[in-house]
Each structure stands twice: as structure tokens, then as C-alpha cells.
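Note sheet for the following structure.
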Amino acid sequence: MNAKQWLAKLVSFDTTSRNSNLELIHYCKDYLEGLGVKCTLVHNAEKTKANLWATLPGEGGVTEGGIILSGHTDVVPVDGQKWDSDPFTLTERDGKLYGRGTCDMKGFVAVCMSMTPELLKMKRAKPVHFAWSYDEEVGCIGGQVLTDFLREHKIRAEYCIVGEPTSNKLVVAHKGLFLYRVCVHGKAVHSSYAQTKQGCNAVYYAAKLIVKINEIAESIKFYGMQDPCFDVPFTTMSPNLIQGGNALNTVPAKCEFVYEMRYLPEAEAEKFEERIKAYVNDTLLPSMKKAFGDARIELEKLSKTPPLKDANEKDPFTLLMRQITKDSTKRKVAYGTEAGQYQAIGVPAVVCGPGSILQAHTPNEFVTLEQLDECAGIIRKAIQGDGALARPHL
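Counting from 33, one number per residue, gives the positions in the sequence shown under our numbering.
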């Protein structure tokens, strides 16, 4: 199958992060094993999802070293979005391929899968590894499980390309991400007793904490570390989900919200976290307890995705990728990827893939056929060039 045909098949699997990705993973696994490629599945604890690790050996059957081509198989929901066509049926219009995940990032996976027969026939001194993960969209969960597995089993590679949508431009750094859940517990009472000691309004105190988070975020923006190479050049904090109360005439006993911190690679992100904890413990919670002695505030870190620190511009692979993409820009992005996880286990990584990040997560998401073809050329040249590089893996 060519890349378009592969993409049509991959899009047909509804791998929204809340769903299992096993049907897609087994489809890829069965195809690869049919070509003689050794595959390993690395499951989540519940065995409902899996990462796929597949190695196309180099000459002489060598399986260590070489390049990782990394992509995630999950997609974001289409709930509430208005699409002009079925988001899980690939639709072509004017050279654009529409469907959920076409851009982010099944397009890259489709290109790699379609190139498998070519890569197996190619004379390569080094192996090529496919790494297809789960739950990237909800905190790079599968990527962490997979990189932990690689480190534990001493499976070694030299370089990694994460094929997130960059319009096939080279990204050499991205921010890290902390994701937090905050649950404020007060005391319910009829709303006619609001602002008395009969109740404790959880929504009110959650709002005060959100205001404090925004104050800290604003101080970081104007007085904190800046890196002008990033599209958003400072660390950001943003509450993105909130839920509280159960009736319009009841003082709410519970309010829960989720906020994120996207931090510069060199920022001391833990210090911002400590400022929030200090405000909760020293100011907000004592105020709540005056109204309700059993009041409490729970702060939970849901996930931590490491940043991709600046690629070494003298590294042969970085130089090779700059030559291939004809891209000399020191491009850094505010969104996160699994590249930081590979870098954290000693594998130098860059981000480069088809599609625009502006299309990711949107209704009528698309990738162009031209971008898919260009991506195939980049992968081909990267693999051919990688064979001439000599770099010992740490």
C-alpha cells in the first residue's frame, strides 16, 4: 500500500485517547511480521493499549544503533466539532487528505509503514526502528512506558526523528509540560446561607487559586526567563478544565480543575509549583478552615513530559537533518512531544513531520499529498545519511 492507502486505513481506526488502540497496533504488527520484521508490544498496565516497537535490521542482522522513527497512534476527540466529511473516513479534496489524525500524526506513521518494503530492500549498515505509541495526546503516557522499556532492556539507538506536524521543518527544542489536578473540598449548604459559617464554597476558593495561578503566570511572562527562539518565548500556566457544584441553589462542596504548565527547557519549573503550594498551605487553606474545619485542597501532578533541550548543533545528525531539510532556523516550539523522552534516555532527537501544527486538533484536519511525499524523501535521505555517521551511543 502507498502512503495514502495506509493513511486511509489508519484514520479508519477511532483511536481517540479514551479508546483502545490495539486494533490499529495489531494491524501494523501483522503487516510488519508478514514481511519478516520482528515486533514487540509494550502494553499499559490494563493491557488495553500498546506501544509497537519494530526493528528493521541493518546489514548482517544488526539490531543495535540506527535511527528511531517515532509516532503516536492516538488522536484527540472530534466531539463538538463540525466536520464537512466523516472524520474517520479519509476524504481527498484538491490534494488535501481530510480526517482525524491525518496531520497529528497518522500521516507520518502512514509514510513510514508504506516505506517498509523499500527500507527492507535498501542496503543499510544500521537498523531502522519504528516506535508507535499510545496516549501521547493525554500526557505522553505511552512514550514514557516505551522509553522506560528501552532503557530497562538496554535496547540502543543512536538518533530519533519524532514525526509530529512541523510542515517538514526542523524543530530542535520544545517546552516541557506539567499537568496538575486540583480538587477543592468545602461544605454544601442551601445557597440562602451563602457567606455564613454554615457552608464553605469550594468554587469560590478554587477561583481564588486560579486567580493566584494567573498572577504567577503574568509575573513569569513579564519578569521571568525568556527565549526568543520559541514561538511563545516564556513559561506559561493555564487552567483548562473546571467543574464544580451540582445545583443552582446549593453552595458547592466540591470544585475540581486541571491546569498545565508549559515551561522553557532551562526554567526551574519546580519553583513555580512550590509558589502555588505555598499559597495553598499558608493562605488559602487556613482561610477555608475558618469557615469549615475539615476543608481541604488536593494537588495532584497528573503527568510530567520532559522538554526537548536544544539539539547539539555540532552533532552530525543535526547537521545531516539541516542539510536534508534545507532548514537553518533554530526553531523551538511551545507544544510538547515524545522527543524529550527519547533525549532523556540518551538518544538525540529532533522533531520533523508532515502537516501544519495549525491543523492539529481542528475540524476538517488535513495533510497534503505533497507533504507526505516530501516526508518520505526526508526519511529516505536521513536513513541513507545515518549509515555514514559514526556516533557512539551513551
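Glycine included, every Cβ here is placed at the ideal spot set by N, Cα and C.
query                                                                                                        : result
For V203 and R363, believed in contact at Cβ under 8 Å, the rounded distance                                 : 5 Å
Where H217 falls: helix, strand or coil (DSSP)                                                               : strand
CA-to-CA distance, M154 to A422, given in whole angstroms                                                    : Per-residue confidence for A422 stands at a pLDDT of 48, beneath the threshold of 50, marking its modelled position as unreliable; the derived number appears in the next sentence. Whole-angstrom Cα-Cα distance: 19 Å.
Start-to-end residues for the beta strand (DSSP E) that takes in V194                                        : 191-194
W85 (DSSP reduced to helix, strand or coil)                                                                  : strand
Short CB-CB distance (under 7 Å) between S117 and chain D                                                    : In the displayed structure, chain D is absent; only one protein chain is listed.
Complete alpha helix (DSSP H) runs within the segment 368-411 (minimum length 4 residues, chain order)       : 371-376
Exposed unless 16 or more other CB atoms sit within 10 angstroms - verdict on T121                           : exposed
Spatial distance of A249 from L401 (CA atoms)                                                                : 40 Å
Residues bridged to W164 [DSSP beta-bridge criterion]                                                        : L84, G103
Neighbour-count burial assignment, W38, 16 or more Cβ in a 10 Å radius                                       : buried
Inter-residue Cα distance where the pair is K138 and L42                                                     : 7 Å
Whole-Å CB distance - P386 paired with V143, under 8 Å assumed                                               : 7 Å
Exposed unless 16 or more other CB atoms sit within 10 angstroms - verdict on P428                           : As displayed, the chain neither begins before 33 nor continues past 426, which places residue 428 out of reach and without an answer.
Per DSSP, cross-strand counterpart(s) of H75                                                                 : A82
Under 7 Å between C-beta atoms of T87 and L56                                                                : no
Own chain residues within Cβ distance below 7 Å of N34, not counting five before or after                    : S146
Spatial distance of A408 from V141 (CA atoms)                                                                : 11 Å
Exposure of G171, with buried meaning 16 or more beta-carbon neighbours within 10 Å                          : buried
Beta-carbon spacing of S329, K413 below 7 Å                                                                  : Checking the sequence shown, residue 329 turns out to be Ile, not Ser. No; because the gap between Cβ atoms is not below 7 Å, this pair is not in contact.
Cβ distance (whole Å) where V177 is taken to contact N83 below 8 Å                                           : 6 Å
Beta carbon of M269 nearer than 7 Å to that of I242                                                          : no
Sequence-distant residues of the same chain with beta carbon closer than 6 Å to I274, five excluded per side : F289
Rounded C-alpha distance that separates T267 from V365                                                       : 12 Å
Closest by C-alpha distance to T148, when choosing among P265, K70, E302                                     : K70
Cβ neighbour criterion (16 or more within 10 Å) applied to R132                                              : buried
Top-ranked residue by Cα proximity to E332, from C215, P119, Y255                                            : C215
Exposure label - R125; buried when at least 16 CB within 10 Å                                                : exposed
Unbroken alpha helix (DSSP H) run spanning S335, endpoints                                                   : Per DSSP, S335 belongs to no alpha helix (DSSP H); it is in the beta strand (DSSP E), 328-337.
Anticipated Cβ contact below 8 Å, L129 with K36, distance rounded                                            : 7 Å
C261 versus L296 - alpha carbon distance                                                                     : 11 Å
The segment 337-352 / the segment 213-233 touching (three or more Cβ pairs under 8 Å)                        : no
Minimum C-alpha distance to N281 - residue among C232, S223, L390                                            : S223
Continuous alpha helix (DSSP H) stretch holding P265: start and end                                          : Run containing P265: none; DSSP gives neither H nor E here.
Rounded distance between the beta-carbons of H206 and G372, thought under 8 Å                                : 7 Å
K364 - DSSP class collapsed to helix/strand/coil                                                             : strand
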